[in-house]
Amino acid sequence: MKKNIKLSKKKYFKLGKIPLGIGAIMDGWDFSEEEFRNSRCLNIEFRAFKNACPLNCPYCFTDKIKSDLTLDEIRDVILQLKELGTKTINFVGEGEPTIDKNFLDVMSFCYKNNIKPIVFSEGTTKLGNIDFIKKLKQYDVTIVLKCDSLFNEEYQNKIVGSKNYFKKRNKILNFLMKNNFNKSNEKGTTHLALNMIVTRSNKSEVLKTVEFCRKNNIFVMLVEYLPTGRVEKKDFDKSSILFRDDIKKIRNQINDLDSKKYGFIHDSFTSYSFVPCTIYGGVHIYGNGDVARCAGNAKVLGNIRNESLK
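Now the structure itself:
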């Protein structure tokens, strides 16, 4: 272990104790081995909100299914999940979650029922409003901000179909940091994360992005294309998909950086980089009420309007 590196008291699932202040894990995914093994539905994904989004990403993993669940239905789902032992709900949305009229009501309802909300957001629509993010802090929300590139403006704007996204997103990132979403704590967690879809075009930035996140206590998700939504369409351009050798090289680079500089030993898990997938074994709930195992396995098991999640 490196000198002057403090470790969390808690041992996390497949990670053990983690270094503090480097964004090793985001708040809401910080489960112990016992918590993971003893819960039927610990960590789930819920596309509860409307399918509108200001961006047009070619790899979007949603099918933009019309989200027509009412607020009462969403609340009922949350209460069912609470009974099943759910601790965290990942709100990925059929579109941009924060612009839904029921968004803050749902965040408040989760908080009152001791369920941790994690929100995946493009960021530029609502997260620059100080009153809005004060509400998110009040409801203990973790924010996962979209980030295909921190450093290449042309690539970032091109991939989302917006001329100004790069500068706006970076401004939001700085705003969230200024308001302490990345504040270090004794658990070793952070309330701020970046979600980076890694391709052949931005693979050279990965290590630099990880270093930025380590220095600023930000969790970084390095994700490959999920075989769902637009990616599974016949016209999807597969030329940007990483080769297996690319992935192996990236993992080795990250492992080398983390072990030597931070004393952080991990296996660079598939899709989520540094932590194992704790959504496995839970459910993925769509905006129309359909239920599947996860975003990568979209076989519909049923619908919450027809039967209980139990």
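Heads up: the sequence shown begins at 1115 in the working numbering, then just goes up one per residue. Virtual Cβ for every residue (Gly too), placed ideally from N, Cα, C. A quick note: this is a predicted structure, and the numbers were derived from the prediction, not measured.
Item, Value
"Compare the beta carbon distance of T1303 and I1139 with 7 Å and say whether it is the shorter of the two.", "yes"
"Check whether the region 1125-1135 touches the region 1218-1234, taking contact to mean three or more Cβ pairs, one atom from each stretch, closer than 8 Å.", "no"
"For E1208 versus T1239, is the C-beta spacing smaller than 7 Å?", "no"
"N1294 to I1119, Cα distance in whole Å?", "21 Å"
"Assuming I1399 and V1191 are in contact, meaning their beta carbons sit under 8 Å apart, how far apart are those beta carbons, in whole angstroms?", "6 Å"
"By Cβ distance below 8 Å, which residues in the same chain neighbour I1229 in space, the five residues on each side in sequence not counted?", "I1192, L1195, K1196, T1200, K1201, T1202, I1203"
"Between L1198, F1289, S1318, N1309, which has its C-alpha nearest I1364's C-alpha?", "S1318"
"Which residue or residues does DSSP assign as beta-bridge partners of G1416?", "V1405"
"Alpha carbon to alpha carbon, how far is I1213 from K1164?", "8 Å"
"If you measure between the beta carbons of N1296 and N1331, is that distance less than 7 Å?", "yes"
"What span of residues does the beta strand (DSSP E) with F1430 cover, start to end?", "Since the first and last residues shown for the chain are 1115 and 1424, residue 1430 lies out of range."
"Within this structure, are the beta carbons of S1315 and S1276 separated by less than 7 Å?", "no"
"Please go through the same chain and pick out, in chain order, the residues whose beta-carbon is closer than 7 Å to the beta-carbon of G1396, but skip the five residues on each side of it.", "C1155, L1156, N1157, I1158"
"Mind reading off the beta-carbon distance from I1273 to G1142? Whole number of angstroms is fine, and I expect it under 8 Å.", "Not really, about 26 Å apart at Cβ, beyond 8 Å."
"Specify, as a first and last residue, the run of the beta strand (DSSP E) that I1244 falls within.", "Unbroken run through I1244 is the alpha helix (DSSP H), 1244-1252; no beta strand (DSSP E)."
"Given a threshold of 16 other Cβ atoms within 10 Å of its Cβ, counted over all protein chains shown, does R1328 qualify as buried or as exposed?", "buried"
"Just confirm the distance between the C-beta atoms of K1260 and G1237, as a whole number of angstroms; I'd bet it's less than 8 Å.", "6 Å"
"Pick helix, strand or coil for T1212, following the three-state DSSP scheme.", "helix"
"By a C-beta neighbour count over all protein chains shown, 10 Å radius and 16 as the cutoff for buried, is V1334 buried or exposed?", "buried"
"Using a Cβ-Cβ cut-off of 7 Å (strictly less than) and excluding sequence neighbours within five positions of V1320, which residues of its own chain qualify?", "V1312, L1336, I1364"
"For the alpha helix (DSSP H) containing N1284, name the first residue and the last one.", "1279-1292"
"If you check the beta carbons only, do D1404 and N1417 fall under 7 Å apart?", "yes"
"Roughly how many whole angstroms lie between the Cα atoms of N1266 and N1299?", "31 Å"
"Compare the beta carbon distance of S1146 and G1401 with 7 Å and say whether it is the shorter of the two.", "no"
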